[in-house]
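Read through the structure below, which is laid out as structure tokens, and then see the notes.
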Amino acid sequence: MTSRGGERRRRAPSSSSPESGASPTRRPPGDLKVFVSSRDDSTCDECHDDLGGGRLLLLAGDRGALCLACADLDHLVFLAPGDAALTRRARAGSRLSAVVLRWSRARKRYERQGLLVEEAALARAEEACLADGEARARRRAREAERRAEVDEVHVEAFARRIRELFPGCPEGRERLIAQHACRRHSGRVGRSAGAKELRGDAVRLAVHAHARHAETRYDELLASGVDRDAARAEIADALAAVLGAWSAGAEGRS
């Protein structure tokens with residue numbers, strides 16, 4: 038894929054190049070950036086999903102440009118600029134975060150649009166800022182948007198299917214996973230045709246993704262600069278143990 042972000046990446050030394058002196062599986066900590074796509078004909082180099090219309094992408098070296106789902110960043114939520122205290126607290130409390138940048142044709146440079154942070158970190162930051170009336174209004178607006186994005190019937194069916202396949206999943210976790218996976222227009226696995234049919238493979242993908250982020254050191258490894266594939270390999274045993282415990286007693290179900 039070619040884009041302004043891609044052109045900039047070719048001009049700058051790669052984090053795995055000899056000039057950088059860095060390990061091929063690491064980038065400098067705190068250097069995670071995502072870009073607003075500026076091309077209507079852009080696609081993800083891994084899943085080939087459409088990246089047009091201002092969607093976010095990550096430039097991932099030899100793997101090319103990735104959508105947030107393929108980059109394992111789709112669990113993060115967007116925080117717009119404007120409230121310095123909220124941004125500071127959310128970023129400090131998020132194990133994994135990314136700066137969102139957009140290319141300005143007028144100024145011929147990338148300009149910061151906001152931040153991607155963990156949803157729990159944003160909620161904690163908002164709690165700390167509740168004395169501010171604007172923060173309360175922002176939370177209400179965000180919750181209204183979230184409700185509008187959720188098909189409750191599908192979420193309930195998806196959550197029940199999770200509980201069938203993973204009876205050892207912690208109480209209430211199945212609904213959190215279903216709500217995240219099934220948001221409208223998200224491109225997440227819960228919106229796929231297989232998920233709408235409640236096929237086991239699609240449901241398992243959603244559970245695996247949640248467990249990877251919530252039950253292992255995966256996000257910490259990404260935040261420290263470890264490459265996605267290397268991070269997945271490092272937490273593979275821990276993830277398998279969690280999923281094994283959650284799926285105990287579900288043999289024979291599909």
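Positions 38 to 291 (this note's numbering) are the ones given, in order, by the sequence shown.
The beta-carbon is built from N, C-alpha and C at its ideal position, and this holds for glycine as well.
These numbers come from a predicted model, not from an experiment.
Of the listed residues the options, nearest to residue i (C-alpha basis)
i             : options                           : result
alanine 251   : Asp86, Ala158, Ala117 and Arg200  : Ala158
serine 75     : Ala218, Glu148, Glu155 and Tyr255 : Glu148
proline 207   : Val279, Arg175, Glu155 and Glu189 : Val279
leucine 242   : Leu93, Arg254 and Ala106          : Ala106
aspartate 77  : Arg125, Ala135, Leu69 and Arg92   : Arg92
histidine 247 : His112, Leu69, Ser79 and Leu103   : His112
serine 191    : Arg179, Glu180, Arg175 and Glu211 : For the sequence presented, residue 191 should be read as histidine rather than serine. Checking every option, the nearest Cα to that of histidine 191 belongs to Glu211.
glutamate 155 : Asp256, Ala143, Ser79 and Leu138  : Asp256
CA-to-CA distance, residue j to residue i, given in whole angstroms
i           : j             : result
leucine 116 : glycine 151   : 6 Å
proline 118 : alanine 162   : 14 Å
proline 204 : arginine 198  : 10 Å
serine 131  : threonine 124 : 11 Å
leucine 258 : serine 134    : 12 Å
Counted within 10 angstroms of its Cβ, other Cβ atoms place residue i as buried (16 or more) or exposed
i            : result
leucine 110  : buried
cysteine 219 : buried
serine 141   : exposed
arginine 173 : exposed
glycine 281  : exposed
arginine 177 : exposed
alanine 239  : buried
leucine 202  : buried
Beta-carbon proximity check, residue i vs residue j, cutoff 8 Å
i            : j              : result
valine 71    : leucine 95     : yes
aspartate 86 : glycine 101    : no
arginine 249 : isoleucine 214 : no
alanine 275  : threonine 253  : yes
arginine 126 : cysteine 166   : yes
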